[in-house]
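As structure tokens, the structure follows; a few thoughts come after it.
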Amino acid sequence: MTDEDGYFGESIAATYDESTAGMFAPDAVEPAVALLAELAGAGRALELGIGTGRIALPLAGRGVEVHGIELSRAMADRLHAKPGGDAVGVTIGDFASATAPGDFTLAYLVFNTIMNLTTQDDQVDCFRNVARQLEPGGTFVVEVMVPDLRRLPPGQNAVPFHVGDRRLGFDTYDLATQAMSSHHVKVTEDGQGSFRSIPFRYVWPAELDLMARLAGMRLRERWEDWERKPFTHDSRQHVSVWEKAAG
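Throughout the sequence shown, residue numbering follows the numbering used here, covering 657 to 903 in sequence.
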């Protein structure tokens, strides 16, 4: 990691909202917020990797009390600078181990953020950490990609996700360890280039179900997206809901 903010320090936080503008569009945000508000009910919600508040702020706007865990102070600062951001508490720390104050009826991880934990042990610890903070009967929601390995022919370990005149993005995979990295190359108008690489660990739906069981939770629902489209063998992502035992 480059500094205490991990891979999301000031240089990334400063342009994060603009660089992921599509994920801030109403059609990306509103279905997620609607489902999370339904699951939270009258209780409190905990967002792991809360970032700049893409989901937390509109969820709080629906009357849900939201608290976040976030490693990057730079990202949290931008959340708190936005309208309504001062009402969202943030605990600075690693969401595999950091504890927020109080108990929650809902915890959630969106936009592939579970993969920021780069070992299986850390991902298991995340589920256990969530279970400790959930009330009996509470739910844990994860939105994450299905590993896109079918696009890898024999001998290839890279898959492009953006090819443009001034920006190139591609993922590399290690099938033996489930390690992957996202690589970003940018070229400015004056010809100057920059390169950034962020490590991840991809994880399978069934593997997440086992992590949940180890933490005392069971799968309740799994859909392809926030609008509850059925999850099938062709789905490239999933939204899964695990429930903590009622007591």
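Even glycine gets a Cβ: it sits at the ideal position worked out from N, Cα and C.
For residue i: DSSP bridge partner residues
{"i": "Asp830", "result": "Ala835"}
{"i": "Tyr663", "result": "Per DSSP, none; premise fails for Tyr663."}
Cα-Cα separation, residue i to residue j
{"i": "Lys842", "j": "Leu831", "result": "27 Å"}
{"i": "Gly794", "j": "Gly741", "result": "25 Å"}
{"i": "Pro816", "j": "Val722", "result": "35 Å"}
{"i": "Thr807", "j": "Pro757", "result": "The sequence shown places Arg at residue 807, rather than the Thr named in the question. Each residue's alpha carbon lies about 43 Å from the other."}
{"i": "Val766", "j": "Val797", "result": "8 Å"}
{"i": "Arg876", "j": "Ala754", "result": "25 Å"}
{"i": "Met836", "j": "Gly847", "result": "29 Å"}
{"i": "Gly697", "j": "Leu691", "result": "10 Å"}
{"i": "Met657", "j": "Gly707", "result": "The pLDDT assigned to Met657 is 47, lower than 50, so where the model puts this residue is not dependable, and the model offers no usable value."}
{"i": "Thr769", "j": "Asp683", "result": "20 Å"}
{"i": "Asp821", "j": "Gln776", "result": "37 Å"}
{"i": "Arg857", "j": "Lys900", "result": "25 Å"}
{"i": "Glu666", "j": "Asn772", "result": "18 Å"}
Reference residue i, options the options, closest by Cα
{"i": "Asp865", "options": "Trp898, Gly849, Ala698, Glu883", "result": "Trp898"}
{"i": "Phe664", "options": "Ser853, Ile711, Thr761", "result": "Ser853"}
{"i": "Gly662", "options": "Val859, Glu880, Pro855, Ser896", "result": "Pro855"}
{"i": "Leu702", "options": "Pro861, Cys782, Asp846, Glu880", "result": "Cys782"}
{"i": "Arg869", "options": "Arg892, Arg784, Arg734", "result": "Arg784"}
{"i": "Gly909", "options": "Ala690, Val720, Thr708", "result": "Outside the displayed span of the chain (657 to 903) sits residue 909, for which this structure offers no information."}
{"i": "Ile668", "options": "Ala684, Ala732, Pro687, Ile711", "result": "Ala732"}
{"i": "Asp827", "options": "His840, Gly678, Asp821", "result": "His840"}
{"i": "Arg878", "options": "Gly705, Phe760, Val802", "result": "Val802"}
{"i": "His818", "options": "Ser838, Ala716, Glu799, Val800", "result": "Ser838"}
Buried or exposed (CB count within 10 angstroms, at least 16 for buried), residue i
{"i": "Gln812", "result": "exposed"}
{"i": "Gln789", "result": "buried"}
{"i": "Pro714", "result": "buried"}
{"i": "Ser612", "result": "Missing from the structure shown is residue 612; the chain here goes from 657 to 903 and no further."}
Beta strand (DSSP E) segment containing residue i, residue limits
{"i": "Glu721", "result": "721 to 726"}
{"i": "Glu674", "result": "Careful: Glu674 lies outside any beta strand (DSSP E), inside the alpha helix (DSSP H) at 672 to 675."}
{"i": "Leu704", "result": "700 to 704"}
{"i": "His894", "result": "893 to 900"}
Residue range of the alpha helix (DSSP H) that includes residue i
{"i": "Gly794", "result": "Premise fails: Gly794 lies in the beta strand (DSSP E), 790 to 801, not in any alpha helix (DSSP H)."}
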